[in-house]
Each structure stands twice: as structure tokens, then as C-alpha cells.
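All remarks here apply to the structure that follows.
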Amino acid sequence: MKYDAFISYKRQSGSVWASLVRAILKQKFIPYMDVHKKKGTNDWWAGLKKDIMDSYCVIMVLTKDLEDSLHDDKDFYLEELEFAKENGKIIIPFFPNDCCINDFHDKRLTDILHLCESSLQYKVDDPDITYGNMFSFI
1133 MKYDAFISYK
1143 RQSGSVWASL
1153 VRAILKQKFI
1163 PYMDVHKKKG
1173 TNDWWAGLKK
1183 DIMDSYCVIM
1193 VLTKDLEDSL
1203 HDDKDFYLEE
1213 LEFAKENGKI
1223 IIPFFPNDCC
1233 INDFHDKRLT
1243 DILHLCESSL
1253 QYKVDDPDIT
1263 YGNMFSFI
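Under the working numbering, think of the first position of the sequence shown as 1133, with each following residue one higher.
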């Protein structure tokens, strides 16, 4: 595998948390986070799918306001996660301190969440627990 983890996030609501996940992972692993590719370019979606396939697992960053930015018909955050699921990738949800699985109601999102065997909860009062858990999952 080229990457240990592909970090999936919504730029509007999760870029700060995704950057934190990437910074933590970079201590011991090779994470991938799309910060340079331009959405809508010819090779953008094909490139993302290749990067998912080249990753051991996918970490999905979830924030309380995530569902406000989901698009019903063609949401690429959900497309990334569904592609990963269809291709047998391990998907690990990452919840910030104030967020949990019960905060989400979008059917496509909850279908993916319910298939996940484990998740990461960021604890602002004890981040070392989060770091240790993250390292043990990958």
C-alpha cells in the first residue's frame, strides 16, 4: 500500500479536524489527504479512487454540522466512503470531542457508520488516548 490511511472529510466542516488527524498520523504513518486536487478537473475523481485503493484504511472525519453540507444527489464525501466500502476498505469514523454516531440521520451516512467495527473519539481533555487508539487501529 502506498498510504496507511486516506482521510475523508468535508472541506466546509471538517478541514481543521482532518488536518489534526493527518498531523497525528504523520508521526508514525503515511496518510493521504486531498488538499491540492481541484474538484471537477478531468482526473479528479479517478485520482481520488486510486488514492483510496492505494490506502490501507479510510478515516472518515465527522463533525456535528456535517449533514448540513451533504448534497442529496451527488455528494463526493459520501461517494468516497461508498467506494471504499464497496472495495472492502476498513473505514474508521473519527468523531471530534462534541460529536457521536447518534448525531447523524442521513441514511447513506448511517448505513456506512453501522458497518464500521470501531471508531475514534477525540478527547480534548486527554488527547494521548486518541493518539494511542489511532495508532493501534492502523
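Here a beta-carbon is modelled for each residue, glycine too, at the ideal position from N, C-alpha and C.
* To do: Check the DSSP bridge columns for residue 1252 and list the partner residues they point to.
  => 1226
* To do: Give me the Cβ distance between residue 1194 and residue 1231, rounded to the nearest whole Å; I'm assuming they're in contact under 8 Å.
  => Contact between residue 1194 and residue 1231 holds, since their C-beta atoms are separated by about 6 Å, short of 8 Å.
* With respect to the beta strand (DSSP E) encompassing residue 1269, which residues constitute its N-terminal and C-terminal limits? -> Per DSSP, residue 1269 belongs to no beta strand (DSSP E); it is in the alpha helix (DSSP H), 1259 to 1269.
* Between the Cα of residue 1262 and those of 1227, 1208, 1221, 1244, spot the shortest distance and give me the residue it belongs to. => 1227
* Asked: With distances taken from CA atoms, which of 1208, 1260, 1190 is nearest residue 1177?
  -> 1208
* Distance, Cα to Cα, residue 1257 vs residue 1144? -> 25 Å
* Asked: How would you write the range of the alpha helix (DSSP H) that residue 1191 sits in, first residue to last?
  -> Run containing residue 1191: none in the alpha helix (DSSP H); it sits in the beta strand (DSSP E), 1187 to 1193.
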